[in-house]
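Below is one structure, written out as C-alpha cells; comments come after it.
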Amino acid sequence: VHTTIKPKEMVANRFTTLYRSGLLFIVRGYAWDGPSGPAIDTSSFMQASLVHDALYQLMREGLIDINYRKDADLLLYKISREDGMWTLRALWTYWAVRRFAKSAITNKKKIIKAGK
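Note that the numbering used here gives residue 38 to position 9 of the sequence shown, counting from 1, and the numbers run on in steps of one.
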C-alpha cells in the first residue's frame with residue numbers, strides 16, 4: 030500500500046515494513062482485530078483497518094513518529110472510500126479515530142508470553 034508516511038530510513042518489525050518511499054508491506058498472516066470499537070466489519074472497512082492497525086503498531090513501537098497519526102487516519106478514510114464505503118460512514122469513522130484512537134498508540138501493552 031502506498032502511504033504519505035515517508036520515514037528517513039526504512040523501518041520494520043516482524044510483520045510490516047515501511048519503506049522510505051512510503052510503501053507499506055504487510056506480511057501475509059499478520060494478525061489484527063479488524064475494525065475496532067462500535068464499528069461494523071464490512072468488506073469496505075477490512076483493508077483500511079488492516080493498514081491503519083499496522084501503522085498504529087509501528088507508532089506504538091516507536092518505529093515511526095506519533096506525528097504520522099493524522100496521515101494514518103486519513104489513509105483509513107481514503108482506503109475505505111476506495112473500497113466502497115459510503116462517504117458519511119467514512120467521515121464518521123475518520124472523526125472517531127481522530128477523537129478516540131490516540132490511546133491505541135500511547136498505551137503500551139504488556140506482552141505476556143505463554144509458558145514452555
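From the three backbone atoms N, C-alpha and C, an ideal C-beta is built for every residue, glycine too. Just so we're clear, the structure is a prediction, and the values are computed from it rather than from any experiment.
The beta carbon of Y85 lies closer than 6 angstroms to those of A133 and I134 in the same chain, with the five residues before and after it left out. In the three-state reduction of the DSSP assignment, L120 falls in the helix class, which pools H, G and I. A straight line joining the alpha-carbon of L103 with that of L87 spans about 16 angstroms. Counting the other Cβ atoms within 10 Å of the Cβ of F129 gives fewer than 16, which makes it exposed. The three-state reading of DSSP puts I95 in helix, counting H, G and I together. For I55, the uninterrupted beta strand (DSSP E) segment begins and ends at L53 to I55. Taking A83 as reference, the option from A101, D94 and Y123 with the minimal CA-CA separation is A101. DSSP places V30 in the coil class of the three-state scheme, outside both helix and strand.
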